[in-house]
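Have a look at the structure below, then the notes.
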Amino acid sequence: MSATAVATPPPHDLEEFRGELTRFCSRRLGSWTEADDAVQETMIRAWRFGDTFQGRASLRSWLYRIAINVCLDVRVARNRRPQPVDPTDVLVEGDEAYGVAPAPDPVDVAADREAVREAFTAVVRHLPARQRAVIVLHDVLRWRAREVAGLIGATEASVNSASQRARATLRLRAGAAAHERPLEPAGERLVEQCVAAFVAYDVDALVALLRTDVLTAART
1 MSATAVATPP PHDLEEFRGE LTRFCSRRLG SWTEADDAVQ ETMIRAWRFG DTFQGRASLR
61 SWLYRIAINV CLDVRVARNR RPQPVDPTDV LVEGDEAYGV APAPDPVDVA ADREAVREAF
121 TAVVRHLPAR QRAVIVLHDV LRWRAREVAG LIGATEASVN SASQRARATL RLRAGAAAHE
181 RPLEPAGERL VEQCVAAFVA YDVDALVALL RTDVLTAART
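See the structure below:
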């Protein structure tokens, strides 16, 4: 093990994330059976390459990065070309496919990023800060309600309620972007920062942005 690496995470630390990783992989693969296999492979790789975990990112972010690579490997093994991600479907209709890792074609990558930007623009434009955090963390990243509640200082019941209200608002506003005014500069900055974190699979950065957004809104 290198001098800068930290100890391999103990098994109970990895198992804590099995449920959310399974839901995450099922959205990317469209199959619970393949998702279970993908998560198991993720755990195996986490142990195999544990000496590469240096603790600069959270354990959750590190595991998500491994899971993303595993899911991409599964799709390649299927000889099925990944489709461009459409997070609008996820943010509005939570039972839709989560999407896949960006395709290597630069045109597809650009299309993916634009779809993500449009989705976050809708979230920032139409939802208050708490609902923004809930829809991204609970409905997209599949955090448990109690985890989201702990982050934003809410109850589990209020998180579930906020999720329902946010979905209803986004459904109602779907397709209205062409008639909306541009976001204020602060809103545009938040969108671009969230997009950058999302497409880089930087869960820590995205969580920090959303938490700061909630705290800032609470002070105003």
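Every letter in the sequence shown is one number past the one before it in the numbering used here, and letter 99, counting from 1, is 99. Heads up, the beta-carbon is just placed ideally off N, CA and C, and yes, glycines get one too.
So, for Tyr201: in the same chain, excluding its five sequence neighbours on each side, which residues have a beta-carbon less than 7 Å away from its beta-carbon? Sequence index remark: in the sequence shown, residue 201 carries index 201 (1-based). Residues of the same chain with a CB within less than 7 Å of the CB of Tyr201, apart from the 5 flanking positions on each side, are Tyr64, Arg65 and Ile68 in chain order.
Enumerated in chain order, which unbroken segments of the alpha helix (DSSP H) with a length of 4 residues or greater are wholly contained in the region 107-194? 129-134, 145-152 and 156-173
What residue from Ala162, Arg211 and Arg113 has the CA that sits closest to Leu127's CA? Taking the sequence shown and counting its residues from 1, the one referred to as residue 127 is at position 127. Closest by alpha carbon: Ala162.
Check whether Leu21 and Thr42 have beta carbons under 9 Å apart: Against the sequence shown, residue 21 aligns to sequence position 21. Against the sequence shown, residue 42 aligns to sequence position 42. Yes, the pair counts as a contact, with Cβ atoms nearer than the cut-off.
Take the Cβ of Asp51 as the centre, count every other Cβ of all protein chains shown within 10 Å, and call the residue buried at 16 or more, exposed below. On the sequence shown, position 51 is the one that residue 51 refers to. Label assigned to Asp51: exposed.
With C-beta atoms as the reference, is Val203 less than 9 Å away from Ser58? As a working mapping, residue 203 is identified with position 203 in the sequence shown. As a working mapping, residue 58 is identified with position 58 in the sequence shown. Yes.
Hey, how far is the Cα of Trp32 from the Cα of Arg219? Along the sequence shown, read from residue 1 onward, the residue named residue 32 stands at position 32. Along the sequence shown, read from residue 1 onward, the residue named residue 219 stands at position 219. Near 42 Å, if we compare the C-alpha coordinates of Arg219 and Trp32.
Taking only three categories from DSSP, how would you classify Ser31? As a working note, residue 31 is residue 31 in the sequence shown. In the structure shown, Ser31 adopts coil according to DSSP, grouped into three states.
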